[in-house]
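Okay, structure first, notes after.
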Amino acid sequence: MATGTEHLARMGEQVVSADASDVLACVGLGSCIGLALIDRRATVAGLAHIMLPAAPASGTPNGKHADHAVPALLEAVLELGAARHRIDAVLVGGASMFSFGTDGGQQVGARNAEAVHAELAKLRLHPRAEATGGTRGRTMRVRVADGRVVYKEAGGTEVELFSTPVGLRVAA
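For what it's worth, our numbering labels the leading residue of the sequence shown as 1043, then goes sequentially.
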């Protein structure tokens, strides 16, 4: 991926940009979800590193939780000039990195992916591409200039996940 200034979304953080030379990145996505919201026509992208499905009832919501991070990321890209109807959502991560118990219960990574999907649905946004599940961590990068999204699994090679030209839409 072409390099410009790389902005890293650490756990529980988000980064947004309208600078075509920027690349947004999430490193070490295990059970966490990297969510990119991209408006290629406006040259705007945002990336959130989401750790958990929902804030506890007694806690303060923040960027760690899907129920806060997803709407906050949407608001941030809209403030930079994105148009809601042109936003493409791309998810990476949600791996089963740890096993808790032997009951075959749902793992944190899968719950994170489900929570992000649910929050996107509430906002009437639908993922255009995703690489979720599995057992390996991933790194994700988003090129603001054209909305290209790539990821790399631990020990693997870089894979292009999303790069539809402006004006063309991937079927949901």
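For each residue, glycine too, the CB sits at the ideal point set by N, CA and C.
Model, not experiment: these values are computed from the prediction.
Would you check if the distance between the CB atom of residue i and the CB atom of residue j is smaller than 8 Å?
| i | j | result |
| --- | --- | --- |
| glutamate 1202 | lysine 1194 | no |
| glutamate 1048 | aspartate 1109 | no |
| alanine 1118 | threonine 1085 | no |
| alanine 1087 | valine 1186 | yes |
| leucine 991 | alanine 1090 | Shown here, the chain extends from 1043 to 1214; a query on residue 991 therefore has no answer. |
| valine 1184 | isoleucine 1080 | yes |
| valine 1191 | valine 1132 | yes |
Count the other CB atoms within 10 Å of the CB of residue i; is the residue buried (16 or more) or exposed (fewer)?
| i | result |
| --- | --- |
| alanine 1078 | buried |
| arginine 1166 | exposed |
| proline 1169 | buried |
| leucine 1094 | buried |
| glutamate 1172 | buried |
| glycine 1136 | buried |
| leucine 1050 | exposed |
| valine 1065 | buried |
| arginine 1052 | exposed |
What are the boundary residues of the beta strand (DSSP E) that residue i is part of?
| i | result |
| --- | --- |
| glutamate 1200 | 1200–1204 |
| glutamate 1048 | 1047–1050 |
| leucine 1071 | 1064–1071 |
| aspartate 1081 | 1075–1081 |
Have a look at residue i and residue j and give me their C-alpha separation to the nearest angstrom.
| i | j | result |
| --- | --- | --- |
| threonine 1181 | alanine 1060 | 22 Å |
| alanine 1096 | glycine 1076 | 15 Å |
| arginine 1126 | methionine 1139 | 33 Å |
| alanine 1196 | threonine 1174 | 14 Å |
| glycine 1146 | threonine 1177 | The predicted position of glycine 1146 is uncertain, since its pLDDT is 48 and thus under 50; a value taken from the coordinates is nonetheless stated next. Whole-angstrom Cα-Cα distance: 15 Å. |
| asparagine 1104 | valine 1134 | 20 Å |
| leucine 1122 | threonine 1102 | 26 Å |
| valine 1069 | serine 1205 | 20 Å |
Locate the alpha helix (DSSP H) running through residue i, then write down its first and last residues.
| i | result |
| --- | --- |
| leucine 1162 | 1150–1164 |
Ranges of the beta strand (DSSP E) found wholly within the stretch 1107–1147, counting only runs of at least 3 = 1130–1135
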